[in-house]
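Q:
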Ligand SMILES: NC(=O)c1ccc[n+]([C@@H]2O[C@H](COP(=O)([O-])OP(=O)(O)OC[C@H]3O[C@@H](n4cnc5c(N)ncnc54)[C@H](O)[C@@H]3O)[C@@H](O)[C@H]2O)c1
Ligand SMILES: NC(=O)c1ccc[n+]([C@@H]2O[C@H](COP(=O)([O-])OP(=O)(O)OC[C@H]3O[C@@H](n4cnc5c(N)ncnc54)[C@H](O)[C@@H]3O)[C@@H](O)[C@H]2O)c1
Ligand SMILES: [Zn+2]
Ligand SMILES: [Zn+2]
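Protein chains in written order, with UniProt numbering: chain A, 1 to 378; chain B, 1 to 378.
1) Taking residue 92 of chain B as the query, report the chain A residues whose CB atoms sit under 9 Å from its CB, ordered along the chain.
2) State the start and end residues of the unbroken beta strand (DSSP E) segment that holds residue 211 of chain B.
3) Please report the straight-line C-alpha distance between residue 38 of chain A and residue 67 of chain A, rounded to a whole angstrom.
4) For residue 15 of chain A, I'd like the list of residues in its chain whose CB is within less than 6 Å of its CB, leaving aside the five on either flank, ordered along the chain.
5) Hey, is residue 55 of chain A close to ligand 1, as in C-beta under 7 Å from one of its heavy atoms?
6) Does any residue of chain A have a CB that is nearer than 8 Å to the CB of residue 374 of chain B?
7) Is it true that the CB of residue 141 of chain B sits closer than 8 Å to the CB of residue 277 of chain B?
8) When DSSP labels each residue in this structure, what does residue 69 of chain B get in the three-state scheme?
9) Our contact map puts residue 47 of chain B next to residue 151 of chain B with C-beta atoms below 8 Å; I'd like the distance itself, whole angstroms only.
10) Pop quiz: residue 108 of chain B and residue 26 of chain B are said to be a contact at Cβ under 8 Å. What is the actual Cβ separation, rounded to whole angstroms?
11) Does residue 104 of chain A get closer than 8 Å to chain B when you measure Cβ to Cβ?
12) CA-CA distance, residue 218 of chain B and residue 209 of chain B?
13) Within the same chain, show all residues whose beta-carbon is closer than 6 Å to that of residue 212 of chain B, passing over the 5 residues directly before and after it, in chain order.
14) Relative to the C-alpha of residue 183 of chain A, which residue among A:242, A:204, A:168 and A:139 is closest?
15) Is it true that the CB of residue 149 of chain B sits closer than 8 Å to the CB of residue 162 of chain B?
16) Say whether chain A places a C-beta atom closer than 8 Å to the C-beta of residue 80 of chain B.
17) Return the bridge partner residues of residue 10 of chain A from the DSSP annotation.
18) So if I threshold CB-CB distances at 7 Å, which residues from the stretch 19-35 of chain A count as touching chain B?
19) Between B:258, B:354, B:300 and B:350, which has its C-alpha nearest residue 371 of chain B's C-alpha?
20) Shorter than 7 Å, the distance from the beta carbon of residue 235 of chain A to the closest heavy atom of ligand 3, or not?
21) Can you determine whether any heavy atom of ligand 6 sits closer than 7 Å to the C-beta of residue 142 of chain B, and answer yes or no?
22) By the DSSP assignment, the alpha helix (DSSP H) with residue 240 of chain A in it spans what residues?
23) In chain order, what are the residue ranges of uninterrupted alpha helix (DSSP H) at least 4 long that sit wholly in the stretch 294-374 of chain B?
24) Can you tell me whether DSSP reads residue 5 of chain A as helix, strand or coil?
25) Any beta carbon from chain A within less than 8 Å of residue 364 of chain B's own beta carbon?
26) Can you determine whether any heavy atom of ligand 1 sits closer than 7 Å to the C-beta of residue 244 of chain A, and answer yes or no?
27) For residue 275 of chain B, is the beta carbon positioned less than 7 Å from some heavy atom of ligand 4?
28) Straight-line CA distance for residue 272 of chain B to residue 266 of chain B?
29) I need the DSSP call for residue 290 of chain B, collapsed to helix, strand or coil.
30) How should residue 227 of chain A be labelled, buried or exposed, when 16 other C-beta atoms within 10 angstroms of its C-beta is the threshold for buried?
31) Straight-line CA distance for residue 274 of chain B to residue 255 of chain B?
32) So, for residue 281 of chain B: in the same chain, excluding its five sequence neighbours on each side, which residues have a beta-carbon less than 6 Å away from its beta-carbon?
33) Starting from residue 356 of chain A, find everything on chain B with Cβ-Cβ shorter than 8 Å and list it in chain order.
34) When you compare the CB positions of residue 137 of chain A and residue 191 of chain A, do they come within less than 8 Å of one another, or not?
35) Quick check: is the beta carbon of residue 413 of chain A nearer than 8 Å to any beta carbon in chain B?
36) Indicate, with yes or no, if ligand 1 has a heavy atom lying under 7 Å from the CB of residue 287 of chain A.
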């Protein structure tokens, strides 16, 4: 395994600032990097069965080189793990290891493990040290950065959690080689999102270089670093999502509705795929509202299709509920004040903005026009 | 019910500063006080069955006067309610009421309800607004101020939780009239604690005026306000307990060991009673270590006895485990570095300090000398 010099992105949050290291071979350096920042710490590692099979031994060896003998807590893989029952298990595992407030909890896994583990680290002894070792592309470019942690409730996704910034993020780009391609693509949608929000040059670069990002050359680390920079910028401006941070939800309003409409059945649609379709729809909708040029929407669709991501509702296998039902999933998710919805819309690639007054009626007509049923019929 | 002008104590935490209002009749003013600070808010009230029976209607009427129609979530009374299962119930109740991040969760009850509710408010949507309406003396002088929230784990008390400062504390001194006398006394122990830590004039004042505090005259509100000031001072200096805040644990090392030794059986010992005995022991131990005069220890014991609180181990009904076992409860509770323990000791009344190097062997001899078994034998 090659250990190149990693790229460092700093998340500027004052006395809670931290580094994101991005590069291959970082699992082997975990002990060194952690104990340099938290000398004398003890650790628990939380992971899932898939990731444990592929990467736990490497991480353990890396920790041991830094003098850290971790306790390991292994969860089942999958979104259902983000539950109160599993939270209680992780909390109990950390307490059973007799870790103190100054010790560290390490999340080794995708966004599910990162969100669950960060929440546990945030509540054991009212807050321990937390380190993210994201192993999915989605986690490396999105969920491991920014301090949102949490679990799901039967009443909705991510409704329960805390803000807890990690002390360090180690994004080992080599571990992505074992990630199923469909998961890689799903993470890629979130990566492309930063280009669409406010980095048009990133999007243009991805249009040219995406194959190298998938193949794993230095372009992969470069793209991930750029995504982390983009997210770190937003987070530093608006840590607790009282304003700008909402831009990160580009594509997520439509995306969440589609996830809900498919009962969060990963066989039909995983989160990043929902976001891909959602981003294409957000661009198409913005063009329909005469906010952006239809050429930009077409460019987004073309790129998503090129990388093998779904980009329209008809790409989802199986039947979808009708437009009215989709709208009700959207309004369930958010405050509706007098028939107006808050949406992330765009004036073109790299020019997303928060629109607070989108008429629900416009959304409904748009959903009708773009619904697979009406398309087939029309 | 008389509505006097309440006393206001400000907790100086910068942009999270908040007021503690202390006075009688405050439940009836809850709606006005809350909606002045959080205009247009919706609310959930969390309470326990005992407190609901005595005070919920008054609070509801008070909220409605301020235009707030709350959802009510009622828990069983008692320490066992501070569990993951009840946390999940409260979280679900808040979500079922479809409250948003800017809405408010109100805790109406003693420390159990305050700790559980604050934790739930801190994690629903990663943090909602929180208001404390403490109804036990302990909650009014201690647990409602300072932002520590949490639940118990089978592995220990208060091991899981968050820091969440309330937006407002309404300490209605009138509601204490329905509090069982034993609970009142237990809360009084924590009140006297502030005098013993660093307010010798408060302790001297209590020696003279304690009967009026029990009877419920203006002295009651005065004493509670002084206690809140004392706690607010410490919290403003050290919100996350990295230093000085540990002084608030005066009496708690011995106290917790006694609570554990009696299996948290409230019929034998409630928390404040453990603290009373613990404070007397901390003074006696300090005098044995030649740090303080035995006269001060005697003064503490005399006052605790006068108000009807237990002050020595032999005041606990039933058998206690032996000194070795008590020491093991103490060392279980804290980091022991090379046989040395951290303890809150004192140089005299109002002169408590953090001692980091107390030899476990000294603690053991002291526990042996003061153990009921050896006392009866000797
Ligand atoms: N906290 C945030 O800011 C934030 C942001 C976006 C998404 N999320 C959350 O992230 C979650 C989705 O994350 P995800 O897509 O990483 O899901 P995930 O954690 O379920 O990982 C996807 C799958 O890939 C497997 N896997 C992960 N890394 C692997 C590797 N290197 N090799 C082989 N298999 C591997 C996992 O076991 C799982 O089966 C959602 O719960 C979402 O809500 C959180
Ligand atoms: N968060 C903190 O900083 C902090 C500090 C100290 C203690 N605590 C916690 O506080 C808890 C103890 O608090 P507590 O002593 O208030 O216990 P509690 O909440 O159990 O109340 C004691 C009893 O009095 C009843 N009660 C409360 N108010 C009443 C009223 N006005 N009229 C009639 N009955 C009433 C309750 O139903 C209960 O049965 C413990 O769990 C302890 O860990 C927390
Ligand atoms: Zn996403
Ligand atoms: Zn106490």
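Where a beta carbon is used, it is the ideal one built from N, C-alpha and C, also for glycine.
A: According to the structure shown:
1) 153, 154 and 155
2) Not the beta strand (DSSP E): residue 211 of chain B falls in the alpha helix (DSSP H), residues 200-215.
3) 12 Å
4) none
5) yes
6) no
7) no
8) coil
9) Not really, about 17 Å apart at Cβ, beyond 8 Å.
10) Actually they do not touch by this definition, with Cβ atoms about 12 Å apart.
11) no
12) 11 Å
13) 219
14) A:139
15) yes
16) no
17) A:19
18) none
19) B:258
20) no
21) No copy of ligand 6 appears in this structure; the ligands present are ligand 1, ligand 2, ligand 3 and ligand 4.
22) Counting along the chain, residue 240 of chain A falls outside any alpha helix (DSSP H), and DSSP gives it neither H nor E.
23) 294-307, 323-333 and 360-370
24) coil
25) no
26) no
27) yes
28) 10 Å
29) coil
30) buried
31) 4 Å
32) 254
33) Under the 8 Å cutoff, chain B gives no residues; its nearest Cβ is about 15 Å from residue 356 of chain A.
34) yes
35) Residue 413 of chain A lies beyond the residue range present for chain A, which begins at 1 and ends at 378; the question has no answer from this structure.
36) no
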